[in-house]
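According to our numbering, the sequence shown is numbered sequentially starting from 197. Using N, Cα and C, we set each Cβ at its ideal position, and we do this for glycine too. First up is the structure itself, then whatever we jot down about it.
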Amino acid sequence: MSVAETQYFALLRSALWGTPFVMEEEVEWNAVMKLAKHQATNVLLSSVALQITGKSRPSDSMLGEMQSAMRINLINHLQLRRILVAASKLLQDNNINPVLLKGFGLAMLYSNPDLRQFGDIDLYVGLDNFHKACMLLRTMPGCYTWSEEVDSGRHYNIEFGQYPMEVHRVSADLSGHKELAIYESIEREGLYEKAQCVDFEGLKLMIPSKEFMVFFTFFHAWHHFLTSGVGWRQISDVAVTLHAYYGQLDTNKLYQWITSMHLLKPWQTFGYLMVDHLGLHKDEMPFYEASCQRRANKLFSRIMAEGNFRRPNRFKRNKPKRIALKKLHSFIGIFVSFFQLADVFPSQAFHEMCTALKMGFQKKNQKK
Numbered sequence: 197m198s199v200a201e202t203q204y205f206a207l208l209r210s211a212l213w214g215t216p217f218v219m220e221e222e223v224e225w226n227a228v229m230k231l232a233k234h235q236a237t238n239v240l241l242s243s244v245a246l247q248i249t250g251k252s253r254p255s256d257s258m259l260g261e262m263q264s265a266m267r268i269n270l271i272n273h274l275q276l277r278r279i280l281v282a283a284s285k286l287l288q289d290n291n292i293n294p295v296l297l298k299g300f301g302l303a304m305l306y307s308n309p310d311l312r313q314f315g316d317i318d319l320y321v322g323l324d325n326f327h328k329a330c331m332l333l334r335t336m337p338g339c340y341t342w343s344e345e346v347d348s349g350r351h352y353n354i355e356f357g358q359y360p361m362e363v364h365r366v367s368a369d370l371s372g373h374k375e376l377a378i379y380e381s382i383e384r385e386g387l388y389e390k391a392q393c394v395d396f397e398g399l400k401l402m403i404p405s406k407e408f409m410v411f412f413t414f415f416h417a418w419h420h421f422l423t424s425g426v427g428w429r430q431i432s433d434v435a436v437t438l439h440a441y442y443g444q445l446d447t448n449k450l451y452q453w454i455t456s457m458h459l460l461k462p463w464q465t466f467g468y469l470m471v472d473h474l475g476l477h478k479d480e481m482p483f484y485e486a487s488c489q490r491r492a493n494k495l496f497s498r499i500m501a502e503g504n505f506r507r508p509n510r511f512k513r514n515k516p517k518r519i520a521l522k523k524l525h526s527f528i529g530i531f532v533s534f535f536q537l538a539d540v541f542p543s544q545a546f547h548e549m550c551t552a553l554k555m556g557f558q559k560k561n562q563k564k
């Protein structure tokens with residue numbers, strides 16, 4: 197690792213676990229904060245930097261930028277919190293009990309919830325309540341809708357000014373995957389049968405079961421690694437969740453879920469990085485496997501290069517307009533994705549390619 201990368205992870209570990217930041221040499225703040233912004237962890241690092249004294253302390257101008265970033269993040273939290281309370285109360289008053297996905301549910305597990313960066317609200321209402329929930333939320337003052345229709349897609353999008361909310365009928369879109377039935381069973385248990393009830397701003401809100409919080413946080417990070425690039429913000433979420441629930445998890449159930457979705461190798465590889473770079477204790481990382489080092493090094497390089505949702509997507513942006521060429525373009529894209537993933541996870545790459553090809557043929561047959 198470069199000096200800036202070493203310093204970046206020292207600061208990130210300090211922010212995640214509340215440990216002292218000790219660095220003998222001067223910090224390369226410009227390079228470190230550039231990394232932090234690329235990985236969407238700049239607020240976490242800023243919280244540590246503001247406490248530093250001596251020669252490692254950032255310049256006054258840099259400190260001003262950090263304070264501004266933390267202030268904006270806090271304002272976002274306050275606004276999103278207000279919208280969440282109003283939306284949840286409206287739904288509960290109409291006999292719909294939503295489950296809070298990601299966002300505030302994960303932030304609660306951080307030592308300081310206001311340091312976790314996010315910009316939207318994700319509410320799971322399930323299939324039966326989906327249409328009713330969407331219609332109710334559309335009556336809230338100051339909202340407008342865009343993108344998905346109420347009767348299609350996996351979620352419905354509502355925006356309150358600059359603050360988006362996603363109303364989910366399913367927590368993940370796995371149509372066409374042979375693991376769909378397995379995931380639906382996991383989802384049913386984690387979001388219905390064993391969901392947790394927490395106090396939030398005077399309301400009783402539901403969040404996923406502890407096992408599903410861990411599983412889904414990783415699954416969501418994995419999805420973004422496949423599609424748009426995953427950063428240390430999302431990987432930190434997994435580490436913090438494992439740390440918060442250490443000793444409380446049914447690891448047999450977690451192992452069953454991970455293996456049934458064919459994700460053990462990715463889980464162990466990401467886990468190696470969480471232990472090696474984020475400082476998660478080995479005992480807190482279920483199914484830790486030290487032999488993943490070589491694969492983890494490749495994954496590390498990808499994460500550092502791509503960052504949080506920052507994978508270059510020129511291929512996707514340059515789709516031709518003619519239908520025949522667009523289909524050929526999509527077909528080539530499946531193999532481009534395969535070779536990008538196969539360097540780190542060959543078996544998962546083959547599986548994803550087969551699924552993508554299968555879904556493509558299904559859509560073609562449906563049009564006939």
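Beta-carbon separation (whole angstroms), residue i vs residue j, contact threshold 8 Å
i    : j    : result
F209 : L474 : Note that residue 209 is Arg in the sequence shown here, rather than Phe. Indeed they touch by this definition, with Cβ atoms about 6 Å apart.
L495 : V434 : In fact, because the Cβ distance is near 13 Å, the residues do not count as touching under 8 Å.
L286 : L332 : 6 Å
D292 : A329 : Reading off the sequence, residue 292 comes out as Ile, not Asp. Confirmed, about 5 Å.
Y204 : A245 : So it is not a contact: roughly 11 Å between Cβ atoms.
I279 : F326 : At roughly 19 Å, the Cβ-Cβ gap does not stay under 8 Å, so I279 and F326 are not in contact.
W418 : L459 : 7 Å
R491 : T455 : That pair is no contact at about 17 Å.
T237 : R429 : 5 Å
Q544 : P462 : 6 Å
I354 : M457 : Wrong, their Cβ atoms sit about 30 Å apart, outside the cutoff.
G503 : Q235 : 5 Å
Three-state secondary structure (DSSP) of residue i
i    : result
F314 : coil
T335 : coil
T341 : strand
V281 : helix
L376 : helix
L474 : coil
L188 : As shown, the chain starts at 197 and ends at 564. That puts residue 188 outside it, with no answer to give.
Y468 : helix
Y484 : coil
L387 : helix
L319 : strand
S367 : coil
M258 : helix
K559 : Below a pLDDT of 50, predicted positions are generally treated as unreliable, and K559, at 46, falls in that range; no measurement from the model is reported.
N272 : helix
V218 : coil
R253 : coil
Q247 : coil
L305 : coil
I292 : coil
V228 : helix
F505 : coil
For residue i, the first and last residue of its enclosing beta strand (DSSP E)
i    : result
F356 : 351-356
E362 : 359-364
Start-to-end residues for the alpha helix (DSSP H) that takes in residue i
i    : result
V191 : Limits of the chain in this structure are 197 at one end and 564 at the other, which puts residue 191 out of reach.
T237 : T237 -> no alpha helix (DSSP H), and no H or E assigned at all.
E502 : 489-502
Q203 : 199-213
Short CB-CB distance (under 9 Å) between residue i and chain C
i    : result
A501 : Absent from the structure: chain C. Only one protein chain is present.
* Only counting runs of 3 or more residues, tell me where the beta strand (DSSP E) segments fall wholly within the segment 389-460, in order along the chain. => 392-396, 399-403
* **Validate contact between the segment 389-399 and the segment 245-262 using beta carbons, cut 8 Å, 3 pairs** => no
* Do three or more CB pairs link the segment 479-489 to the segment 443-456 at distances below 8 Å? -> yes
* Asked: Counting pairs of beta carbons, one from the segment 312-332 and one from the segment 211-228, are three or more of them closer than 8 Å?
  -> no
* Asked: Counting Cβ pairs closer than 8 Å, one from the segment 362-370 and one from the segment 267-274, do we hit at least three?
  -> The segment 362-370 vs the segment 267-274: no contact.
* Would you be able to state if there are at least three C-beta pairs under 8 Å between the segment 239-255 and the segment 214-224? => yes
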